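Numbering (our numbering), first residue to last: 402 to 627.
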């Protein structure tokens with residue numbers, strides 16, 4: 402990380418990210434103590450939602466760690482953490498339903514997730530090479546390198562922007578599935594929403610961080626051109 406006076410721009414994003422992380426951990430912890438009335442585990446809920454959507458070919462596996470839950474489209478498997486897979490809590494069911502929502506997105510060809518997947522290779526380069534390229538361009542007075550670095554980081558911003566509707570849609574699908582199947586009572590459904598909303602804030606924080614980082618790169622570039 403290149404440190405200079407423009408780093409102050411990132412302070413709001415850092416604070417928001419820390420708050421978002423605290424919120425998701427504390428909210429998940431709170432509702433991980435609330436057992437759901439039907440006694441469904443996270444794995445049970447995910448399996449039911451998948452089967453109801455004709456996705457009997459999607460496997461569900463346990464993975465170690467906390468809040469490490471994700472859907473892997475390459476392996477066609479939902480991996481649920483220890484706190485979710487075998488836990489019959491409101492939080493576990495909400496998180497598992499969210500990951501099942503991602504599987505349904507892939508199965509139905511949800512457009513934003515296609516866009517996100519298409520730019521992943523560029524994003525990987527952009528996140529690691531953008532700042533070094535901009536700095537090399539400044540050191541050697543190569544405007545071309547500066548422009549390439551900024552364009553690469555624009556891909557990172559685009560990735561974060563597309564990720565927001567993907568995550569919000571997966572949560573929306575999760576709540577809809579839980580409600581229609583009567584997996585949770587109304588009060589439990591409200592609590593599951595709180596868990597998913599808190600988790601969504603981490604993606605909002607990532608988007609804000611990416612935007613402010615882009616502004617910082619533009620300011621650094623502007624100094625060179627002046």
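Glycine residues also receive a C-beta, built at the ideal position from the N, C-alpha and C atoms. Predicted, not measured: the structure shown is a model, and the values here were computed from it.
Residue i classed as buried or exposed, judged by whether at least 16 other C-beta atoms fall within 10 angstroms
i, result
"residue 437", "buried"
"residue 613", "buried"
"residue 419", "exposed"
"residue 476", "exposed"
"residue 416", "exposed"
Own chain, CB closer than 6 angstroms to residue i, minus 5 neighbours either side, in chain order
i, result
"residue 468", "none"
"residue 421", "602, 603, 606"
"residue 496", "470, 485"
Identified DSSP bridge partners for residue i
i, result
"residue 490", "436"
"residue 481", "463"
"residue 471", "480"
Beta-carbon contacts of residue i that lie in its chain and below 7 angstroms, excluding the five residues immediately before and after
i, result
"residue 517", "560, 563, 564, 567"
"residue 439", "584"
Closest Cα partner of residue i within the set the options
i, options, result
"residue 578", "519, 503, 460, 615", "503"
"residue 686", "493, 484, 458, 486", "The question about residue 686 has no answer, for the chain in this structure spans 402 to 627."
"residue 540", "621, 608, 466", "621"
"residue 430", "462, 474, 573, 488", "488"
"residue 558", "576, 608, 574, 442", "608"
"residue 500", "472, 521, 492, 510", "472"
"residue 505", "599, 474, 491, 486", "474"
"residue 463", "522, 406, 445, 480", "480"
"residue 483", "461, 466, 490, 498", "466"
"residue 623", "529, 536, 441", "536"
"residue 441", "512, 519, 498", "498"
Spatial distance of residue i from residue j (CA atoms)
i, j, result
"residue 554", "residue 531", "6 angstroms"
"residue 410", "residue 597", "29 angstroms"
"residue 582", "residue 615", "43 angstroms"
"residue 617", "residue 543", "18 angstroms"
"residue 435", "residue 527", "42 angstroms"
"residue 571", "residue 514", "10 angstroms"
"residue 602", "residue 423", "10 angstroms"
"residue 447", "residue 408", "42 angstroms"
"residue 592", "residue 443", "15 angstroms"
"residue 492", "residue 599", "11 angstroms"
"residue 556", "residue 510", "22 angstroms"
"residue 414", "residue 610", "5 angstroms"
"residue 585", "residue 522", "39 angstroms"
"residue 588", "residue 427", "19 angstroms"
"residue 460", "residue 573", "22 angstroms"
Own chain partners of residue i with C-beta closer than 8 angstroms, once the 5 adjacent residues on each side are dropped
i, result
"residue 534", "546, 547, 549, 550, 553"
"residue 590", "576, 579, 580"
"residue 455", "508"
"residue 432", "490, 491, 492, 495, 592, 593, 595, 596"
"residue 453", "578, 582"
C-beta neighbour in chain C for residue i, strict 8 angstroms
i, result
"residue 530", "Of the protein chains in the structure, only one exists, and it is not chain C."
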